[in-house]
Amino acid sequence: SRTPRKSLLPLYSLTTMAKTPSRKSRSKKAAKKSSSASAAKKKSITKIDYLDKANAKLKAAHDNRERDYAAEIKKLDDKEEEVLVRLSKLEEQKEKVATEHGETEDASDDDLIEINAGGKIIAAKRGTLC
Numbered sequence: 002s003r004t005p006r007k008s009l010l011p012l013y014s015l016t017t018m019a020k021t022p023s024r025k026s027r028s029k030k031a032a033k034k035s036s037s038a039s040a041a042k043k044k045s046i047t048k049i050d051y052l053d054k055a056n057a058k059l060k061a062a063h064d065n066r067e068r069d070y071a072a073e074i075k076k077l078d079d080k081e082e083e084v085l086v087r088l089s090k091l092e093e094q095k096e097k098v099a100t101e102h103g104e105t106e107d108a109s110d111d112d113l114i115e116i117n118a119g120g121k122i123i124a125a126k127r128g129t130l131c
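In terms of our numbering, the sequence shown has 3 at position 2, counting the first letter as 1, and numbering is strictly consecutive.
Structure, rendered in structure tokens:
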């Protein structure tokens, strides 16, 4: 009434084989893991590429801003030079008029000035007019 062990052995080995993965299923799992690892690596590389592109755009924008800033500074410097030239010409013209019409260094705010306004003479202190 006892069953021989030979009949149990094949049954035991069948259940054991069903529980342990076969070589094919192991290689599929390993391939799946390696493909997911390579996908993660590709994502990482893609992120790095994205960051490199973003950095390149940022550097280009910064360089453009610096170039525009330098151009504006040059324009301002040129305008300043023009104003200084005009100011020096105006000073020369003032000197020329002062030498032609007399020096005004001894003029005081208390001096009385007479002005002919349309035939009518008006007298006022120099300090009042300035």
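For every residue, glycine included, the Cβ atom is placed at its ideal position computed from N, Cα and C.
- Message: I'd like the span of the alpha helix (DSSP H) that includes residue 128, first residue to last.
- Response: By one-based count along the sequence shown, residue 128 stands at place 127. Element bounds for residue 128: 127-130.
- As assigned by DSSP and simplified to three states, the class of residue 118: Counting from one through the sequence shown, the residue named residue 118 turns up at place 117. Residue state, collapsed to three classes: strand.
- Message: Using a Cβ-Cβ cutoff of less than 6 Å, which residues in the same chain neighbour residue 123 once the five nearest sequence positions on both sides are dropped?
- Response: Looking up residue 123 in the sequence shown gives position 122. Contacts found: 116.
- Query: How would you call residue 60, buried or exposed, if buried means at least 16 neighbouring beta carbons within 10 angstroms?
  - Reply: Here residue 60 is taken as the residue at index 59 of the sequence shown, counted from 1. Per the 10 Å Cβ criterion, exposed.
- Can you tell me the Cα-Cα spacing of residue 56 and residue 78, whole angstroms? Looking up residue 56 in the sequence shown gives position 55. Looking up residue 78 in the sequence shown gives position 77. In this model, residue 56 and residue 78 are separated by some 32 Å (Cα to Cα).
- Message: According to DSSP, simplified to helix, strand and coil, what is residue 71?
- Response: The residue labelled residue 71 in the question sits at position 70 within the sequence shown. Taken through DSSP and simplified to helix, strand or coil, residue 71 comes out as helix.
- Give every residue of the same chain whose Cβ lies closer than 6 Å to the Cβ of residue 128, excluding the five residues on either side of it in the sequence, and list them in chain order. Translated into the one-based positions of the sequence shown, residue 128 becomes position 127. Within its own chain, the residues whose Cβ lies closer than 6 Å to the Cβ of residue 128, once the five positions on either side in sequence are excluded, are 110, listed in chain order.
- Message: Assuming contact is defined by CB atoms lying nearer than 8 Å, are residue 112 and residue 121 in contact in what I supplied?
- Response: In the sequence shown, residue 112 corresponds to position 111, counting from 1. In the sequence shown, residue 121 corresponds to position 120, counting from 1. Against a cut-off of 8 Å, the Cβ pair of residue 121 and residue 112 comes out as no contact.
- Query: To the nearest angstrom, how far is it from the Cα of residue 73 to the Cα of residue 85?
  - Reply: As a working note, residue 73 is residue 72 in the sequence shown. As a working note, residue 85 is residue 84 in the sequence shown. Approximately 18 Å, taken between the alpha carbons.
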